[in-house]
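Visitor:
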Amino acid sequence: MILLSGGIDGGTKSHVVELAQIIGAANPRPRLGSGYKLPIIYAGNKDARDDVGEELREKVDLTIEENIRPVLERENLGPAREKIHELFMEHVMAQAPGYAKLVSWTDAPIMPTPGAVGNILQTIAEREGINAVCVDIGGATTDVFSVFSGQFNRTVSANLGMGYSISNVFAEAGLPNVMRWVPFDMDELDLRDRVKNKMIRPTTIPQSLEELIFEQAIAKEALRLAFQQHKSFATTLKGVQQQRTIGDTFDQSGSGESLVNMLELDLLVASGGVLSHAPRMAQTAIMLIDAFQPEGFTRLSKDSIFMMPHLGVTAQVHPKAATEVFTKDCLIYLGECVAPAGQAKAGKEVGEFDIAFADGRKESGKLMAGEMLFYPLGEGETAQCTFKPARGFDVGAGRGNPLTRDVRGGTVGLIIDGRGRPLELPAEAAPRVEALSKWFTDLNVYPELKR
Numbered sequence: 008m009i010l011l012s013g014g015i016d017g018g019t020k021s022h023v024v025e026l027a028q029i030i031g032a033a034n035p036r037p038r039l040g041s042g043y044k045l046p047i048i049y050a051g052n053k054d055a056r057d058d059v060g061e062e063l064r065e066k067v068d069l070t071i072e073e074n075i076r077p078v079l080e081r082e083n084l085g086p087a088r089e090k091i092h093e094l095f096m097e098h099v100m101a102q103a104p105g106y107a108k109l110v111s112w113t114d115a116p117i118m119p120t121p122g123a124v125g126n127i128l129q130t131i132a133e134r135e136g137i138n139a140v141c142v143d144i145g146g147a148t149t150d151v152f153s154v155f156s157g158q159f160n161r162t163v164s165a166n167l168g169m170g171y172s173i174s175n176v177f178a179e180a181g182l183p184n185v186m187r188w189v190p191f192d193m194d195e196l197d198l199r200d201r202v203k204n205k206m207i208r209p210t211t212i213p214q215s216l217e218e219l220i221f222e223q224a225i226a227k228e229a230l231r232l233a234f235q236q237h238k239s240f241a242t243t244l245k246g247v248q249q250q251r252t253i254g255d256t257f258d259q260s261g262s263g264e265s266l267v268n269m270l271e272l273d274l275l276v277a278s279g280g281v282l283s284h285a286p287r288m289a290q291t292a293i294m295l296i297d298a299f300q301p302e303g304f305t306r307l308s309k310d311s312i313f314m315m316p317h318l319g320v321t322a323q324v325h326p327k328a329a330t331e332v333f334t335k336d337c338l339i340y341l342g343e344c345v346a347p348a349g350q351a352k353a354g355k356e357v358g359e360f361d362i363a364f365a366d367g368r369k370e371s372g373k374l375m376a377g378e379m380l381f382y383p384l385g386e387g388e389t390a391q392c393t394f395k396p397a398r399g400f401d402v403g404a405g406r407g408n409p410l411t412r413d414v415r416g417g418t419v420g421l422i423i424d425g426r427g428r429p430l431e432l433p434a435e436a437a438p439r440v441e442a443l444s445k446w447f448t449d450l451n452v453y454p455e456l457k458r
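Just so you know, my numbering puts the end of the sequence shown at 458, numbered straight through with nothing missing.
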C-alpha cells in the first residue's frame, strides 16, 4: 500500500497533487492479490482531496483519511494508522492460509504480533503510570517500542537481527564495535566465518563459551543500532516555530527532539531468542545494560515465554486481566540498574550510596568510575536505595542532587553501574579486556570464563 500525505489543511495543494500524478503515471501494481487494485491512503491537505481523487480514483483503491498534520503544531496520526492496520489485515493477512477460517472462530480482533506487543506495553504504561521500553530481537528484524509521557512509538529495524540479518549487523556496526565486548583475542577470518555460518544456518545455537560471548557481543550491537534508530524517529514535532538562542545556531539536530529520556525510563523489557533464552539471567541483564545504557533507576525484565503478543490481544477485551497476567506471570524481573549519567576519569568518585534491605541489612559505600557493583536482591524483595551523585553526575534529580527510590529485586539483583553515560570502554586492548573480565566476574555473567 502507499500512504500519501502533504501540506497542512488550507495550505498549498500543488506539491501533493504532483505526487498523486507521479503515482498515477507509475501505475504500481499490488504485490498480493492480482484481482485487487493497489490500496492508497490519502491523509494530506483536505483541500486537495478532490484533485487527488481525480488523479487516482480510477486506477487505485483510494481511501481518504484525516490529515496527519492538520496544523503545524499538531499531529493526527490515529486515523491513518488505523486504516493502515485495517488494510494490512484485509490485503496481506487475507492471503495467509487458513486466515478466513480463523476469522470465523473469534469475535475478538486479530492483530499482527508487533501491534499486539505495542498494545500491552501501552496498557501497562497507562495503568501503572510509568515510562517503558520493550525490545523484540528476532532473526531478521528488531522491533523497539517505547511509551514516554503517554506517547507511544514503535520502530522496526528491518536488517538488524541475529539470524538472516546477522551479517548486516556485523557490517553496520563494524568489527571494532563488536570486538569491544569480547574479553579475548579472536582471529578476524574466523570471526567472519562464524558470522556467515550463522547467516546460512540461522537456527543454530552457540556450542562453546567463545561462540556464546561472540554472539552476545553482536546482539549488543544490533540492540544498540536499533535503539539509536528508534530514538531518532521517536521525536517531538519537527517544523514548528520555536524561540532559539544564539547557542542553537550551530545545532543541526532540527526542532524535533527525541522523546526517549533514559533518566525517566522506569521499565526495560527484553524479548527475542538471544535475550529470552540466554543461558544465564545475568547475560540478559548485561546485554540490556551495555546496549541501552539505562540512566538513573531502571527495572530490568524479560518476557521469557513470549506471552506479550497474546496479552496484547487480551488487553483489547479485558485490560485488567491482561495487566495482572503480564506483571505476575509473563515478566521475569531481572532486578534494578542504578547508573549515574555523566563522565569521570578512572579512579574518580562517581557518587555515594546507601541501601536499606527489608531484613534490616544495610550497605553503603562509594562508587568509583569504571566500577560495577552487585548486591543480591531476590525476586519479590525490595530495598530502599539512596544515591548521592558526585558533581556533574545525575541519577534523575538533577546534577549532584541525591535521590531515594525503592528498588525491586529479581533473578539477578541490584546492579550499580559506575561506567558513565555515554558508556566508553578503554581504547587499548589490554585494559579493555581486563575491565570486561572484571565486570563479567563481578556479575557472574560467564562463570567458566577465566580472567
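The C-beta atom is built at its ideal place from N, Cα and C for all residues, glycine as well.
Give the DSSP bridge partners of R36, in chain order.
Guide: In DSSP, R36 forms no bridge with anything.
Visitor: Contact between the stretch 73 to 90 and the stretch 265 to 284 is defined here as three or more beta-carbon pairs at a separation below 8 Å; is this criterion met?
Guide: no
Visitor: Residues in its own chain within less than 6 Å of I362 by CB, not counting five upstream and five downstream?
Guide: Excluding residues within five positions, the ones whose Cβ falls inside 6 Å are E370, A390 and C392.
Visitor: Reducing DSSP to helix, strand and coil, say where G427 ends up.
Guide: coil
Visitor: Which residues bound the alpha helix (DSSP H) around T305?
Guide: Unbroken run through T305 is the beta strand (DSSP E), G303 to D310; no alpha helix (DSSP H).
Visitor: Would DSSP call L63 helix, strand or coil?
Guide: It is helical.
Visitor: Put Q323 into one of helix, strand or coil per three-state DSSP.
Guide: helix
Visitor: With a CB to CB cut of under 6 Å and the five nearest residues on each side skipped, what residues in its chain are close to P6?
Guide: The chain is shown from 8 up to 458; residue 6 falls before or after that span and cannot be answered.
Visitor: Please identify the residue among A165, T334, I15 and D449 whose C-alpha is closest to the C-alpha of V78.
Guide: I15
Visitor: Just how far apart, CA to CA, sit L432 and R368?
Guide: Their backbone Cα atoms lie some 33 Å apart in a straight line.
Visitor: Out of I71, A50, A329 and M269, which one is the CA nearest neighbour of V345?
Guide: M269
Visitor: Please determine if the stretch 328 to 340 and the stretch 405 to 414 are in contact, where contact requires at least 3 C-beta pairs separated by less than 8 Å.
Guide: no
Visitor: Short check: CB of I75 to CB of S12, under 7 Å?
Guide: yes
Visitor: Could you check whether A289 and V419 sit closer than 7 Å to each other, using their CB atoms as the reference points?
Guide: Between V419 and A289, the CB-CB gap stays under 7 Å.
Visitor: Secondary structure at F191, three-state DSSP: helix, strand or coil?
Guide: Note: F191 maps to coil in three-state DSSP.
Visitor: Can you tell me whether L530 is helix, strand or coil according to DSSP?
Guide: Given a span of 8 to 458 for the chain in the structure shown, any question on residue 530 remains unanswerable.
Visitor: Excluding the five sequence neighbours on either side, which residues of its own chain have a C-beta within less than 7 Å of the C-beta of E331, listed in chain order?
Guide: none
Visitor: Can you tell me which of the three DSSP states P46 falls into?
Guide: strand
Visitor: Would you call H22 buried or exposed, if buried means 16 or more other Cβ atoms sit within 10 Å of its Cβ?
Guide: Sixteen is the threshold: since fewer than 16 other Cβ atoms of the shown chains lie within 10 Å of the Cβ of H22, the residue is exposed.
Visitor: Under a Cβ-count criterion, where at least 16 other Cβ atoms within 10 Å of its own Cβ denotes burial, should R199 be classed as buried or exposed?
Guide: exposed
Visitor: Is the beta carbon of L380 less than 7 Å from the beta carbon of Q300?
Guide: no
Visitor: Does the separation of the CB atoms of L167 and A123 fall below 7 Å?
Guide: no
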